[in-house]
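Undergrad:
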Amino acid sequence: MLAKLGYEHWRPGQKEAVEAALEGRDSLIVMPTGGGKSLCYQLPGLASEDLTIVVSPLIALMRDQWLRLTQAGQPVTMISSGMDEGDAWAALEDVRSGEARIVYCAPERFGSKVFLDALAHRRIDLIAVDEAHCVSEWGHDFRPDYLRLPQIADRLGRPTVMACTATATKPVAAEIAHRFGMRDPLQVRSGFDRPNLSFDVVPLEGTGSKARRQALLEAGLGDPENRPAIVYCGTRKDTDEVAATLRETGIDARPYHAGMESEQRTAVQRRFMSGETEVIVATNAFGMGVDKANVRSVWHMTIPTSVEAYYQEAGRA
């Protein structure tokens, strides 16, 4: 199964996490971005005839993993807002009939009676909560919808719970385990050192600092060795302006932020993932769960919201 998913060997902590899931033991998986968290729930999900639910806060994350698995011929589906109605009904039928072994959804999806009815036809083996730090009010990206997930798990018969995140301090990890009522959970916390990354801070203060930041960015991204790249901005307005200015220099850069229509964001992500677009300029709406293996550089035009957010965003490289 490991080879079918495109992996040659285990990364630290993966084998233990998979074994815990197969044994029905709750787990808290804290691995750095790119550390292989997704395999920890994908492999046990595909190995079981029962259903695994993967909860994700972002359509971008779901679509990325769903596409990789379906292209590998694996029985997975996803249900998200903005889907064509026919595709959504087909996905629900895959869940209901047992055709799908893994379903990806956002936490808000559990408010749908139709979705819950489809789940009622299946035995649910595992609930994997990706970006689980969103459940913590002490975390850097708190999402209120995540607070309902423990009650949802109880309503579904309290299957095994696997909580995954790249950024959880010990207090946040303790809160995650407490909120989900984890029973003697396996805790996997792999190293956070990323020796393949280098970090650079360029002070640009005073008069004309914005123009100098833009000039530095254009010079850096003008080198093909630094692309594909992700550029983070603090506001939607800055995102649009930076992307437009980069395009004027001949760099195919596209904005990505929550003010865009869902179809626009999806199209931008697809272009970036396929390599048609080499630079994506984003707010932190693009901050979680994007798995593109060949990102060469990450740029921050403003200070990130927290150290945890910076670690996660910089880890996209």
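The numbering of the sequence shown is the numbering used here, which starts it at 224 and goes up by one. Beta carbons: idealized from backbone N, C-alpha and C, even for Gly.
Here's the rule: buried if 16 or more other CB atoms are within 10 angstroms of the residue's CB, otherwise exposed. What is alanine 283?
TA: Taking the first residue of the sequence shown as 1, we reach residue 283 at position 60. Its Cβ being crowded by 16 or more others within 10 Å, alanine 283 is buried.
Undergrad: Leaving out five residues before and five after proline 478 in sequence, what residues of the same chain have Cβ atoms less than 6 Å from its Cβ?
TA: For the purposes of this step, residue 478 is taken as residue 255 along the sequence shown, with counting starting at 1. So the qualifying residues of the chain are Thr462, Asp463, Ala466 and Val504.
Undergrad: Going by DSSP, what residue range makes up the alpha helix (DSSP H) through threonine 462?
TA: Walking along the sequence shown from the start, residue 462 turns up at place 239. That run of the alpha helix (DSSP H) goes 459-471.
Undergrad: Going by DSSP, what residues sit across from isoleucine 276 in a beta bridge?
TA: Residue numbering aside, residue 276 sits at position 53 when the sequence shown is read from its first letter. Answer is Val326 and Ile350, bridged to isoleucine 276.
Undergrad: Applying the 10 Å Cβ sphere with the 16-neighbour rule, what's the burial state of phenylalanine 403?
TA: Translated into positions along the sequence shown, residue 403 becomes position 180. That one is buried.
Undergrad: Take every Cβ of the segment 235-248, pair it with every Cβ of the segment 377-388, and state whether three or more of those distances are shorter than 8 Å.
TA: With the cut-off at 8 Å, the segment 235-248 and the segment 377-388 touch.
Undergrad: Determine the DSSP secondary structure at glutamine 535, reduced to helix, strand or coil.
TA: Here residue 535 corresponds to residue number 312 of the sequence shown, with the count starting at 1. If DSSP states are grouped into helix, strand and coil, glutamine 535 belongs with the helices.
Undergrad: Determine the direct distance from the alpha carbon of threonine 489 to that of glutamate 322, and round the result to whole angstroms.
TA: Residue mapping note: residue 322 aligns to position 99 of the sequence shown, counting from 1. Residue mapping note: residue 489 aligns to position 266 of the sequence shown, counting from 1. Looking at the two C-alpha atoms, the distance is approximately 26 Å.
Undergrad: List the DSSP bridge partners of tyrosine 455.
TA: Taking the sequence shown and counting its residues from 1, one reaches residue 455 at position 232. Note: tyrosine 455 sits in a beta bridge opposite Ala505 and His523.
Undergrad: Whose C-alpha, out of Glu471, Ile474, Gln492 and Ile399, is nearest the C-alpha of alanine 481?
TA: By 1-based counting over the sequence shown, the position of residue 481 is 258. The shortest Cα separation from alanine 481 among Glu471, Ile474, Gln492 and Ile399 belongs to Gln492.
Undergrad: By Cβ distance, which residues of its chain are closer than 6 Å to tyrosine 369, with the 5 residues on each side in sequence left out?
TA: The residue given as residue 369 occupies position 146 in the sequence shown. Hits under 6 Å: Pro330, Cys357 and Val358.
Undergrad: Is the separation between the beta-carbon of threonine 506 and that of tyrosine 455 shorter than 9 Å?
TA: Locating residue 506 in the sequence shown gives position 283, where the first residue counts as 1. Locating residue 455 in the sequence shown gives position 232, where the first residue counts as 1. In this structure, tyrosine 455 lies closer than 9 Å to threonine 506 by Cβ.
Undergrad: If contact is defined by three or more beta carbon pairs under 8 Å, each pair taking one atom from either stretch, is the segment 416-431 in contact with the segment 290-301?
TA: They do not touch, by the three-pair rule.
Undergrad: Any idea what DSSP makes of valine 241, helix, strand or coil?
TA: For the purposes of this step, residue 241 is taken as the residue at position 18 of the sequence shown. Helix at valine 241.
Undergrad: Pick out whichever of Arg470, Ser421 and Gln265 has its Cα sitting closest to the Cα of leucine 440.
TA: If you number the sequence shown from 1, residue 440 lands on position 217. Comparing Cα positions, the closest option is Arg470.
Undergrad: Cβ atoms of isoleucine 347 and threonine 275: under 9 Å apart, would you say?
TA: Numbered from its first residue, the sequence shown carries residue 275 at position 52. Numbered from its first residue, the sequence shown carries residue 347 at position 124. Yes, these two residues count as a Cβ contact at 9 Å.
Undergrad: Within 8 Å: the Cβ of glutamate 231 and any heavy atom of the ligand ADP?
TA: Judged by which ligands are present, the structure shown has none, so any question about the ligand ADP falls away.
Undergrad: By Cβ distance below 7 Å, which residues in the same chain neighbour proline 373 in space, the five residues on each side in sequence not counted?
TA: Mapped onto the sequence shown, residue 373 falls at position 150. Contacts found: Arg402, Phe403 and Gly404.
Undergrad: For isoleucine 541, which of helix, strand or coil comes out of DSSP?
TA: Absent from the model: residue 541. The displayed extent of the chain is 224 to 540, so no value can be given.
Undergrad: Would you decide whether alanine 240 is buried or exposed? Buried here means 16 or more other CB atoms lie within 10 Å of its CB.
TA: As a first step, residue 240 must be located in the sequence shown, where it is residue number 17. By the neighbour-count rule (16 or more Cβ atoms within 10 Å), alanine 240 is buried.
Undergrad: Per DSSP, which residues does glutamate 357 bridge with? Please list them.
TA: Your numbering for residue 357 matches position 134 in the sequence shown. A small fix is needed here, since residue 357 is cysteine in this sequence, not glutamate. None, per the DSSP bridge assignment.
Undergrad: Compute the beta-carbon to beta-carbon distance between glycine 229 and methionine 254, rounded to the nearest angstrom, for a pair I have assumed lies under 8 Å.
TA: For the purposes of this step, residue 229 is taken as the residue at position 6 of the sequence shown. For the purposes of this step, residue 254 is taken as the residue at position 31 of the sequence shown. At roughly 18 Å, the Cβ-Cβ gap does not stay under 8 Å, so glycine 229 and methionine 254 are not in contact.
Undergrad: Can the beta-carbon of phenylalanine 338 be found less than 9 Å from the beta-carbon of leucine 315?
TA: By one-based count along the sequence shown, residue 338 stands at place 115. By one-based count along the sequence shown, residue 315 stands at place 92. A contact, by the Cβ cut-off of 9 Å.
Undergrad: If you check the beta carbons only, do isoleucine 350 and alanine 376 fall under 9 Å apart?
TA: Numbered from 1 along the sequence shown, position 127 holds the residue referred to as residue 350. Numbered from 1 along the sequence shown, position 153 holds the residue referred to as residue 376. For isoleucine 350 and alanine 376, yes; Cβs fall inside 9 Å.
Undergrad: Answer with buried or exposed for lysine 260, where buried requires no fewer than 16 other C-beta atoms within 10 angstroms of its C-beta.
TA: The residue you call residue 260 lines up with position 37 of the sequence shown. Per the 10 Å Cβ criterion, buried.
Undergrad: What is the DSSP secondary structure of methionine 405, counted as helix, strand or coil?
TA: Position 182 of the sequence shown, counted from the start, is the residue given in the question as residue 405. DSSP places methionine 405 outside both helix and strand once states are collapsed to three, so it counts as coil.
Undergrad: Is the Cβ of methionine 254 closer than 9 Å to any Cβ of chain D?
TA: This model lacks chain D altogether, as it is built from one protein chain only.
Undergrad: In this structure, what does DSSP give as the bridge partners for methionine 301?
TA: Your numbering for residue 301 matches position 78 in the sequence shown. Answer by DSSP bridge pairing, in chain order: Tyr327.
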